[in-house]
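Number of protein chains: 2
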Amino acid sequence: MEHERMRRLILDAAKELFAKDGFDNVSIRKIAARIKYSPAALYRYFKNKEDLILSLKMEGMQKFGEMQSHLGQIKDPFQRLREGGRIYLDYARKEPEYYDLLFIKAVPSFCSSEKWVGKPHQNFINFRETVHECIETGHVGDVSLETAVATLWATVHGLASLAATGRLQTCLPGIDMDNIFENVLDFITIPQIEREKMRKGKQDES
Amino acid sequence: MEHERMRRLILDAAKELFAKDGFDNVSIRKIAARIKYSPAALYRYFKNKEDLILSLKMEGMQKFGEMQSHLGQIKDPFQRLREGGRIYLDYARKEPEYYDLLFIKAVPSFCSSEKWVGKPHQNFINFRETVHECIETGHVGDVSLETAVATLWATVHGLASLAATGRLQTCLPGIDMDNIFENVLDFITIPQIEREKMRKGKQDES
DNA sequence: GGTAGAATGTGAACAGTGTTTACAGAGTTA
DNA sequence: TAACTCTGTAAACACTGTTCACATTCTACC
Chain A
33 MEHERMRRLI LDAAKELFAK DGFDNVSIRK IAARIKYSPA ALYRYFKNKE
83 DLILSLKMEG MQKFGEMQSH LGQIKDPFQR LREGGRIYLD YARKEPEYYD
133 LLFIKAVPSF CSSEKWVGKP HQNFINFRET VHECIETGHV GDVSLETAVA
183 TLWATVHGLA SLAATGRLQT CLPGIDMDNI FENVLDFITI PQIEREKMRK
233 GKQDES
Chain B
33 MEHERMRRLI LDAAKELFAK DGFDNVSIRK IAARIKYSPA ALYRYFKNKE
83 DLILSLKMEG MQKFGEMQSH LGQIKDPFQR LREGGRIYLD YARKEPEYYD
133 LLFIKAVPSF CSSEKWVGKP HQNFINFRET VHECIETGHV GDVSLETAVA
183 TLWATVHGLA SLAATGRLQT CLPGIDMDNI FENVLDFITI PQIEREKMRK
233 GKQDES
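See the structure below:
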């Protein structure tokens with residue numbers, strides 16, 4: 033069993049236990065027992081527990097990045113924005129523990145850890161560019177880029193956080209979780225067709 | 033020293049240590065040492081550590097509720113919505129550790145703990161009602177109540193979360209944190225005056 | 001083949017955690 | 001004085017992450 037396979041074995045065991053018992057109830061000893069090794073053995077493969085969790089994070093981020101890889105092929109920026117948000121929401125609902133790990137808890141290591149400034153940073157640049165295009169193509173109304181980025185970022189992350197922790201479903205029981213982001217995005221951006229209706233409505237009134 | 037004063041002493045020491053060292057780096061032993069008591073003493077006043085933290089949460093929620101107490105006096109629902117969001121954002125920026133404790137981490141006890149279904153639940157009902165009024169007075173465009181509530185909730189919580197964890201300031205360095213919610217809310221709702229401008233702009237084009 | 005050296009796994013220990021328990025003393029009541 | 005409650009504590013238990021000296025095995029080279 034070479035080094036890399038052993039790392040894999042540990043990570044898989046850890047992942048399984050984390051998913052089963054939650055991130056706070058899994059100790060090094062439990063992971064070690066799961067694969068029938070002594071706790072000390074794990075320290076030949078990971079500097080410490082934080083390092084092990086960081087590896088899981090990087091894998092999760094990698095997988096999440098792959099879910100988004102097709103975004104670049106979507107020409108229409110608004111469609112791209114829609115799809116990007118939908119992916120976030122789906123991920124938060126399907127793997128709430130991992131959404132928590134990647135985007136909610138232990139945030140410092142998200143930005144400061146030198147190991148992976150690459151992926152998330154590039155994603156954010158892409159997101160920013162998509163919003164920029166949406167503004168230029170008139171999909172989101174007249175607004176500064178900064179404000180639009182902040183709004184859409186906060187909305188997606190807010191929805192995903194509330195969904196991952198079950199609050200959205202609990203406090204708004206009747207909500208259509210499958211189309212929530214579509215509806216929210218429509219509400220925020222008021223796409224062209226709606227504006228047209230609004231304009232017509234206003235003219236009818238007067 | 034009667035019972036209630038001793039509780040106060042413990043809670044104050046805990047609060048101070050939590051603020052100084054972060055919630056994960058404060059042990060019962062450290063709190064006990066701070067007030068020169070044995071660790072076991074604290075268990076005469078709190079069932080366990082979770083119970084102690086829950087008490088701090090309830091106090092934080094109480095204080096947060098007081099910050100919002102004047103909202104009921106604001107007649108204009110849109111103005112009320114603005115002010116409510118502003119309070120959230122201010123709290124998240126001023127006391128990030130506590131925003132984290134109250135609204136981000138350990139969420140289960142937020143909804144499930146029978147001890148305080150009252151306050152937050154009532155706040156949510158009030159929020160819902162405010163959004164309802166905003167729709168009826170035409171401040172937020174034509175949208176279902178559920179979608180509007182979800183959007184505004186997610187946006188405020190998203191902004192506050194990103195602000196409390198420092199991401200908003202780090203990733204959008206040029207942003208005006210003091211007016212961010214105002215700007216975002218304007219963007220989302222596109223108030224009447226903006227719609228008018230938009231309408232005029234469209235007419236000029238054609 | 002033999003031997004040095006690296007790689008791998010482990011038991012034992014250390015310091016820390018939350019929590020319980022048996023006990024001691026002080027205060028109050030009858 | 002006697003009984004009883006209240007309050008505080010030392011010691012212990014079962015955990016936690018982590019380290020270290022010690023074996024064992026595997027690899028490479030003369």
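Line by line, the protein sequences are chains A and B.
Count along the first sequence from 1, then add 32; that gives the number in our numbering.
Count along the second sequence from 1, then add 32; that gives the number in our numbering.
For each residue, glycine too, the CB sits at the ideal point set by N, CA and C.
In this text the structure is predicted, and so the values were computed from the model without any measurement.
Reduced DSSP secondary structure (H/G/I, E/B, other) of residue i
{"i": "Asp-218(B)", "result": "helix"}
{"i": "Glu-127(B)", "result": "coil"}
{"i": "Thr-197(A)", "result": "coil"}
{"i": "Tyr-69(B)", "result": "coil"}
{"i": "Tyr-75(A)", "result": "helix"}
{"i": "Asp-188(B)", "result": "Residue 188(B) is actually Val in this sequence, not Asp. Residue state, collapsed to three classes: helix."}
{"i": "Leu-133(A)", "result": "helix"}
{"i": "Met-209(B)", "result": "coil"}
{"i": "Asp-83(B)", "result": "helix"}
{"i": "Ile-63(B)", "result": "helix"}
{"i": "Glu-48(A)", "result": "helix"}
{"i": "Leu-43(A)", "result": "helix"}
{"i": "Glu-34(B)", "result": "coil"}
{"i": "Gly-97(B)", "result": "helix"}
{"i": "Lys-89(A)", "result": "helix"}
{"i": "Asp-53(A)", "result": "helix"}
{"i": "Val-172(A)", "result": "coil"}
{"i": "Val-58(A)", "result": "coil"}
{"i": "Asp-122(B)", "result": "helix"}
{"i": "Leu-177(B)", "result": "helix"}
{"i": "Ile-106(A)", "result": "coil"}
{"i": "Leu-204(B)", "result": "coil"}
{"i": "Cys-143(A)", "result": "The predicted model places Cys-143(A) with a pLDDT of 49, which falls under 50 and marks its position as unreliable, so this point remains unresolved."}
Where residue i falls, given that 16 or more other Cβ within 10 Å makes a residue buried
{"i": "Pro-205(A)", "result": "exposed"}
{"i": "Lys-107(B)", "result": "exposed"}
{"i": "Thr-197(A)", "result": "buried"}
{"i": "Lys-89(B)", "result": "buried"}
{"i": "Ala-124(B)", "result": "buried"}
{"i": "Asp-210(B)", "result": "exposed"}
{"i": "Ala-222(A)", "result": "Strictly speaking, residue 222(A) in this sequence is Ile, with Ala absent from that position. So Ile-222(A) ends up on the buried side."}
{"i": "Ala-51(A)", "result": "exposed"}
{"i": "Asp-132(B)", "result": "buried"}
{"i": "Arg-37(A)", "result": "exposed"}
{"i": "Thr-169(A)", "result": "exposed"}
{"i": "Thr-162(A)", "result": "buried"}
{"i": "Ile-157(A)", "result": "exposed"}
{"i": "Arg-40(A)", "result": "exposed"}
Closer than 6 Å: residue i CB and nearest the ligand COA heavy atom
{"i": "Tyr-131(B)", "result": "For the ligand COA, the structure offers nothing, since it holds no ligand at all."}
Examine the Cβ distances between the region 166–186 of chain B and the region 82–90 of chain B and report whether three or more of them are shorter than 8 Å.
The region 166–186 of chain B, when compared against the region 82–90 of chain B, does not touch it at the 8 Å Cβ threshold.
Do the region 61–81 of chain B and the region 94–103 of chain B touch if we need at least three Cβ pairs shorter than 8 Å?
Three or more Cβ pairs closer than 8 Å define a contact, and the region 61–81 of chain B falls short of that threshold against the region 94–103 of chain B.
Is the region 186–200 of chain A touching the region 184–194 of chain B in the sense that three or more CB pairs, one from each, lie closer than 8 Å?
Judged by Cβ distances under 8 Å, the region 184–194 of chain B makes contact with the region 186–200 of chain A, as three or more pairs qualify.
Using a Cβ-Cβ cutoff of 8 Å, what residues of the region 190–202 of chain A are near chain B? List them in chain order.
Residues Gly-190, Leu-191, Ser-193, Leu-194, Thr-197, Gly-198, Arg-199, Leu-200, Thr-202.
Do three or more CB pairs link the region 167–176 of chain A to the region 115–122 of chain A at distances below 8 Å?
With a cut-off of 8 Å on Cβ pairs, the region 167–176 of chain A is not in contact with the region 115–122 of chain A, counting fewer than three such pairs.
Residues, ordered as in the chain, of the region 207–222 of chain A that lie near chain B by beta-carbon distance below 7 Å:
Under the 7 Å Cβ criterion, the region 207–222 of chain A contributes Ile-207, Ile-212, Asn-215, Val-216, Phe-219, Ile-220, Ile-222.
Using a beta-carbon distance cut-off of less than 9 Å, what residues from the region 168–180 of chain B approach chain A?
Cβ proximity to chain A below 9 Å picks out Val-172, Gly-173, Asp-174, Val-175, Ser-176, Glu-178, Thr-179, Ala-180 from the region 168–180 of chain B.
Cβ-based contacts, 7 Å cut-off: residues of the region 74–87 of chain A near chain B:
Flagged: no residues at all.
Chain B contacts made by the region 49–69 of chain A, where a contact means CB separation under 9 Å:
Listed in sequence order: no entries.
With 7 Å as the C-beta to C-beta threshold (strictly closer), list the residues of the region 152–163 of chain B near chain A in chain order.
Within the region 152–163 of chain B, the residues whose Cβ lies closer than 7 Å to some Cβ of chain A are Phe-156, listed in chain order.
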